[in-house]
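Beneath this line is the structure, given in structure tokens, with notes to follow.
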Amino acid sequence: MKAVKEMIVHERLRGPRAPLDVDRIREDFPILRQQVHGKPLVYLDNAATSQKPKVVIDSVTQYYLAENSNVHRGIHLLSERATQAFEGARAKVARFLNASDAKEIIFVRGATEGINLIAQSYGKMRLKAGDEILISAMEHHSNIVPWQILCQETGAVLRVAPINDDGELLFDEYEKLLNARTRLVSVAHVSNALGTINPVKQIVEMARRRGVPVVIDGAQAAPHLPVDVQELDCEFYVLSGHKLFGPTGIGIVFGKAHLLEAMPPYQGGGDMILSVTFEKTLYNVVPFKFEAGTPHIAGAIGLGAAIDYLNGIGLGRIAAYERELLAYATDAVSTIPGLRIIGTAKEKSGILSFVLDGIHAHDIGTILDQEGIAIRTGHHCAQPVLQRFGVPATARASLAFYNTPEEIDALVRGIHKVTDLFG
Amino acid sequence: MSDLRELYQEVILDHNKRPRNFQKLEGANRTAEGYNPLCGDQLTVYLRMEDDMIKDISFQGSGCAISKASASMMTAALKGKTKSDAEGIFETFHKMLTADLSIKFDPLEVGKLAAFSGVREFPVRVKCATLPWHTMHAALEGKGQTVSTE
């Protein structure tokens, strides 16, 4: 029976009516064609960082080969080309997120820096002692610590919305925590440790009724779901390029233009100014006000290429494929005795966190690595949520659209090896 | 699987399953905590010292098979040893885990701890094996601080 079911699912994911042609897609990712410890690489650590299609690698190479120059100083041709490519990438990001204007897109190093920028610029401007910032119990450290720092600096108070045993926000509790003192809400669109897709649109609506601005950490969402910041109507949305099949060291802050215009700069330096004298400095307009120093030009161009690539496939198809693959993986690992999935929300992205009775995640990770299977083990930079579930660490397989049902089968075989060894 | 068997030798699996001296030590006069922030492994080492002698030693905490077995076998190896003996064994153990793969170790010198020689081939796991020992060292020194692998 199991074999028949497996075949049906394989057919759904591989057959002519599959949401996408995964074999064709895998050819775009050179890194996937290698062996690890003598076994074909099975890369299931996409929530940590995703692999890059050749078009992204080529775009970065091409930039350094033919266009490398500094931006926004366009007196010579190369600088003009670099500026066009860099600003072109910004426009691509704006369209990708459906921002109404490219000036609402700020290039940063990643989602982490994005949240720090919002905390230090917007947060410091708006918050005072006794004000509250509301986050959730499932946040990544990068959506906890910047707010703790801000609280220390301003005397504001960090409040944490609880979750249930499936890893879903408790909406009633959430609503209660949103009160007259709440000045800011920050929440993960998708939890990196649990895979939960949070109902961010409802959160924004709820916050809007109380006039509270919302920051959405989209690091784990943007690579897997269509995101429309106008439809969400959030004040800020951050993401990391390297999780979006782009280069490391590049990320995005989307901010509503009127907020960005009111906010003070995050860092001072070149490029973020209009004029400087020792008496007075005039800051540049947005988004440049927030981009001090020479930016990661190649990274932005690579991110633009990644977005082109994703658009070529379509986030809708990617989400459909990954949903199917996650369902297959969830069913498959659920048959393993002693395995417990951490994070069983109804709305989930392709993240499969699990623990095995009496076997530590590190040991799982080492044994799977010997099978060529790359997963993450540990606390996933989200220690509080693991404490919530009473586990010090989990093993986490995280999917991307280039993963196949056969790779899930390999994962299941690998986990059986783990339980055999420790049996 | 051969490599994995090198790492997860029977004696290590046994100590992981049935850790020895795995409790809080009544009458302990030295303790220290160890922590690996990368994976969340955490343990406490308890010592009851009489003069320079480790009269009793135990540990508590949570961690992977390598760290748990290492802590368990450490307690077995160090009970009744003097402070300087313990430091010497730690030094040998540490060398065994970090030395070049070409260097062979005299089983007589390291005794049962030779079971950990396979950890050398798994560099990311060396910290798992050494954390209990660093923690024991801190307890011996009586500094009472938390030991971290990072």
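Chains D and W supply the protein sequences, listed in that same order. Each residue of the first sequence is one higher than the one before, counting from 1 in the working numbering. Each residue of the second sequence is one higher than the one before, counting from 1001 in the working numbering. Just so it is clear, CB atoms sit at the ideal spot from N, CA and C, and this is done for glycine as well. These figures come from a predicted structure and were not determined experimentally.
By the rule that beta-carbons nearer than 9 Å mark a contact, residue 361 of chain D touches chain W.
Annotation: residue 338 of chain D to residue 419 of chain D spans about 9 Å, alpha carbon to alpha carbon. By the rule that beta-carbons nearer than 9 Å mark a contact, residue 370 of chain D touches chain W. Taking the beta carbon of residue 1059 of chain W as reference, no residue of chain D falls within 8 Å; the closest one sits roughly 15 Å away. Distance from the Cα of residue 64 of chain D is smallest, within the candidate group D/185, D/297 and D/364, for D/297. DSSP, read as helix, strand or coil, puts residue 130 of chain D in coil.
Pairwise C-beta distances place the segment 190 to 206 of chain D in contact with the segment 137 to 148 of chain D, as three or more of them are shorter than 8 Å. Uninterrupted alpha helix (DSSP H) stretches at least 4 residues long and entirely within the segment 245 to 307 of chain D occur at 257 to 262, given in chain order. Residue 119 of chain D and residue 29 of chain D have their C-alpha atoms some 36 Å from each other.
Under the DSSP assignment, residue 192 of chain D falls outside any alpha helix (DSSP H); it carries neither an H nor an E label. Judged by DSSP in its simplified three-state form, residue 165 of chain D adopts coil rather than helix or strand. When Cβ-Cβ separations below 9 Å define contact, residue 84 of chain D makes no contact with chain W.
Shown here, residue 363 of chain D sits in a helix according to DSSP, grouped into three states.
Each residue's CA atom was taken as its position, placing residue 1097 of chain W and residue 1117 of chain W some 6 Å apart.
Among the bridge pairs identified by DSSP, residue 1054 of chain W is matched with W/1049. Close CB contacts of residue 26 of chain D within its chain, under the 6 Å cut and outside five residues either way in sequence, are with 32 and 402 (chain order). Interface with chain D (9 Å Cβ-Cβ cutoff): residue 1122 of chain W is included. Annotated three-state conformation of residue 383 of chain D is helix, per DSSP. Contact check for residue 242 of chain D against residue 110 of chain D passes: the beta carbons are separated by less than 9 Å.
Residue pairing by DSSP places residue 39 of chain D opposite D/36 in a beta bridge. Within a 10 Å sphere around the beta-carbon of residue 278 of chain D sit fewer than 16 other beta-carbons, which makes this residue exposed. Boundaries of the alpha helix (DSSP H) harbouring residue 1016 of chain W: 1010 to 1017, taken from the DSSP string. Interface residue (Cβ-Cβ distance to chain W less than 9 Å): residue 421 of chain D is classified as such. Contact with chain W is absent for residue 35 of chain D, since none of that chain's Cβ atoms lies less than 9 Å from the residue's Cβ. The count of Cβ pairs closer than 8 Å, one atom from the segment 1015 to 1028 of chain W and one from the segment 371 to 386 of chain D, stays below three, leaving the stretches out of contact.
Taking 9 Å as the CB threshold, residue 337 of chain D stays off the interface with chain W.
Residues 111, 239, 240 and 243 of the same chain have their beta carbon placed closer than 6 Å to that of residue 219 of chain D, with the five preceding and five following residues left out of the count. Shortest Cα-Cα distance from residue 215 of chain D to any of D/124, D/143, D/176 and D/148 involves D/143. Taken in chain order, the complete alpha helix (DSSP H) segments of 4 residues or longer contained in the segment 71 to 150 of chain D are 77 to 97 and 111 to 117. When DSSP reads this structure, residue 339 of chain D sits in a beta bridge with D/356. Secondary structure of residue 210 of chain D (DSSP, three-state): coil. Counting the other Cβ atoms within 10 Å of the Cβ of residue 304 of chain D gives 16 or more, which makes it buried. Residue contact check for residue 1018 of chain W against chain D: no CB pair falls below 9 Å.
Going by C-alpha positions, residue 269 of chain D is about 9 Å away from residue 294 of chain D. Flagged as an interface residue toward chain W: residue 378 of chain D, by a C-beta distance shorter than 9 Å. In the DSSP assignment, residue 239 of chain D forms a beta bridge with D/252.
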